[in-house]
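The structure appears below as structure tokens.
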Amino acid sequence: MAELILKTLTKVYTQAQSAAVDELNLGVRDGEFIALLGPSGCGKSTTLRMVAGLESVTSGEIRIGNKLVNDLHPKDRGVGLAFENYALYPPLKVRDNLAFNLRAHGLGAKEINRRVDEIARTLQIQELLDLKPAALSSGQKQRVNMARAMVRRPSVLLLDEPLSHLDARLRVELRTEIKRLHAEQRFTTVIVTHDQLEAMALADRIAVMNEGKLQQFDTPLEVFNHPANEFVAGFLGEPPMNIFRTAVADSRRLVIPDTDFALPIMPAIQKLVGSRKELKLGIRPWGIRVSQTQTDGAVPGVVVVVEDLGDETRVGIRYGEVLIMSSIPVTRRYRPGLPVFLNFNEEDLNLFDPMTGERLSDGSDSSNQPYENAAENEIQAPVSR
Ligand SMILES: Nc1ncnc2c1ncn2[C@@H]1O[C@H](COP(=O)(O)OP(=O)(O)O)[C@@H](O)[C@H]1O
Ligand SMILES: [Mg+2]
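The sequence shown begins at 7 in the working numbering and counts up one residue at a time.
Structure representation (structure tokens):
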């Protein structure tokens with residue numbers, strides 16, 4: 007096992023307009039589990055493939071265990087790789103699929119058997135060892151696929167959307183399994199996913215990417231509660247954060263022009279608003295309380311949609327082009343057309359610069375740190391749990 011450091015790692019495919027991966031700085035601690043999270047096409051797989059040595063690097067550095075590996079052959083990098091598509095060899099039994107790479111590395115038969123049995127026990131696939139891939143279910147194939155990546159005891163384990171095409175139940179089951187395995191084996195692990203829940207459930211830290219660029223690298227709760235910018239805020243959370251443009255009226259209220267929306271500027275955000283004339287307001291559905299009685303500072307509105315989801319009720323209120331969704335405890339009291347009042351929880355308010363999308367912060371949380379040299383900064387703290 008080893009730490010993994012990416013320094014201004016960049017990939018420009020020939021004939022591409024922009025970089026697929028753009029000056030990415032990341033420091034993954036020894037034994038840490040991180041997720042690369044972002045929409046399709048943001049450069050996640052390209053990053054992973056460069057680390058594995060399957061894709062050339064345009065510029066920047068990849069270090070594994072403090073060794074520069076940019077020009078090392080894939081098999082000499084000590085990485086284990088599992089893709090969404092488990093490329094198992096159909097004519098070989100599971101046992102031989104697992105042993106294949108170990109044989110290629112010249113390990114003796116006894117040692118190979120020992121390791122294959124051990125990893126099979128760990129991943130609970132002992133009873134599959136004498137079957138051929140065609141006889142396996144998709145969940146079993148993915149287990150074998152991951153076993154194959156781990157059997158070489160890699161310094162860094164790379165997983166590219168390993169759960170994406172499993173059905174929902176199996177995905178959650180295998181997700182739990184991966185987490186247990188990591189707690190046991192403590193491989194330094196990078197998982198690529200476009201599924202925010204998967205990233206939050208699995209990773210010690212999440213690197214959120216968009217258009218080849220790192221947006222934020224922090225713990226799941228930090229990324230969720232203190233998103234660095236509008237992109238991160240909108241990408242994590244279901245239902246998504248309400249984010250909408252407001253104008254500052256008389257330095258006292260945030261308004262959506264030509265609607266009833268007028269929110270008094272609370273003391274907590276006065277400094278952030280400053281002398282701005284316009285900003286974007288972000289609030290998660292859980293940060294809004296809907297009530298039928300008017301209280302100080304409540305915003306009047308009319309219910310336009312009600313979704314009873316069993317464990318929560320979602321209520322939508324429209325202001326012009328903006329639909330604000332709230333999530334409230336299950337209740338049947340609300341129906342479209344009902345006049346209501348919205349109470350915005352002060353601590354849950356996020357303000358974004360309307361031009362740059364950066365979240366305005368008074369420095370009281372740990373996000374919005376500069377990412378330059380993040381690799382060096384991050385690596386110093388030992389993993390603590
Ligand atoms: N072999 C390739 N040649 C040219 N462009 C590529 C190649 N592979 C990926 N790309 C482009 O690079 C960008 C990032 O792709 P990728 O890393 O696969 O994204 P992700 O895994 O996040 O979905 C995309 O715009 C994609 O079209
Ligand atoms: Mg991909």
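Glycine included, C-beta positions come from ideal geometry on N, C-alpha and C.
| request: Give me the Cβ distance between V346 and S281, rounded to the nearest whole Å; I'm assuming they're in contact under 8 Å. | output: Here residue 346 refers to the residue found at position 340 when the sequence shown is read from its first residue. Here residue 281 refers to the residue found at position 275 when the sequence shown is read from its first residue. 33 Å between Cβ atoms; not a contact.
Exercise. Going along the chain, which residues of its own chain have a beta-carbon closer than 7 Å to the beta-carbon of P96, five neighbours each way excluded?
Worked result: Here residue 96 corresponds to residue number 90 of the sequence shown, with the count starting at 1. So the qualifying residues of the chain are K138, P139, A140.
Exercise. Around ligand 1, which residues pass a check of Cβ closer than 5 Å to any of its heavy atoms?
Worked result: Y19, A26, S46, G47, C48, G49, K50, S51, T52
Taking contact to mean at least 3 C-beta pairs separated by less than 8 Å, is the stretch 98-110 in contact with the stretch 183-197? no
Original post:
Measuring from the CB of E244, is there a heavy atom of ligand 2 at a distance below 7 Å?
Top reply: On the sequence shown, residue 244 is found 238 positions in, with the first residue counted as 1. No, since every heavy atom of ligand 2 falls outside the 7 Å radius drawn around the Cβ of E244.
Is the closest heavy atom of ligand 2 to the C-beta of D166 under 7 Å? Here residue 166 is taken as the residue at index 160 of the sequence shown, counted from 1. For ligand 2, at least one heavy atom lies less than 7 Å from the Cβ of D166.
For V198, is the beta carbon positioned less than 7 Å from some heavy atom of ligand 2? Here residue 198 is taken as the residue at index 192 of the sequence shown, counted from 1. Under cutoff, so the answer is yes.
Task: Residue range of the unbroken alpha helix (DSSP H) whose run includes L32 - done: The residue labelled residue 32 in the question sits at position 26 within the sequence shown. L32 -> not in any alpha helix (DSSP H); beta strand (DSSP E) instead, spanning 27-34.
Practice prompt. Could you tell me the boundaries of the alpha helix (DSSP H) in which R154 lies?
Written response: One-based indexing of the sequence shown puts residue 154 at position 148. Taken as a continuous stretch (DSSP letters only), the alpha helix (DSSP H) holding R154 covers 144-156.
**Prompt:** In three-state DSSP terms, what is A140?
**Reply:** Start at 1 with the first residue of the sequence shown, and residue 140 comes out as number 134. If DSSP states are grouped into helix, strand and coil, A140 belongs with the helices.
Where does L104 fall in DSSP's three states? What you label residue 104 is simply residue 98 of the sequence shown in a count that begins at 1. Note: L104 maps to helix in three-state DSSP.
- Task: List the whole-angstrom C-beta distance separating P168 from Q146, where the pair is believed to meet the contact cut-off of C-beta under 8 Å.
- Result: Residue mapping note: residue 168 aligns to position 162 of the sequence shown, counting from 1. Residue mapping note: residue 146 aligns to position 140 of the sequence shown, counting from 1. The Cβ separation is near 13 Å, so there is no contact.
* First and last residue of the alpha helix (DSSP H) that includes G71? -> Residue numbering aside, residue 71 sits at position 65 when the sequence shown is read from its first letter. G71 -> no alpha helix (DSSP H), and no H or E assigned at all.
Proximity of I70 and S170 at Cβ, strictly below 8 Å:
Working through the sequence shown from its first residue, we reach residue 70 at position 64. Working through the sequence shown from its first residue, we reach residue 170 at position 164. No, Cβ-Cβ distance for I70 and S170 is not below 8 Å.
* To do: List the whole-angstrom C-beta distance separating T14 from S62, where the pair is believed to meet the contact cut-off of C-beta under 8 Å.
  => Taking the first residue of the sequence shown as position 1, residue 14 is located at position 8. Taking the first residue of the sequence shown as position 1, residue 62 is located at position 56. The pair is not a contact, with the Cβ atoms about 16 Å apart (cut-off 8 Å).
- Query: Could you give the C-beta distance for R365 and N351, rounded to a whole number, given that I count them as a contact under 8 Å?
  - Reply: As a position in the sequence shown, residue 365 is number 359, starting the count at 1. As a position in the sequence shown, residue 351 is number 345, starting the count at 1. About 17 Å; that fails the 8 Å criterion.
- Item | Identified DSSP bridge partners for V178 | Numbered from its first residue, the sequence shown carries residue 178 at position 172. Bridge partners of V178: none, in fact.
Based on DSSP bridge pairs, tell me the residues matched to R320. Here the question's residue 320 lines up with position 314 in the sequence shown. E313, S333, per the DSSP bridge assignment.
Based on the DSSP output, what are the partners of K13 in its beta bridges?
Translated into the one-based positions of the sequence shown, residue 13 becomes position 7. Per DSSP, E67.
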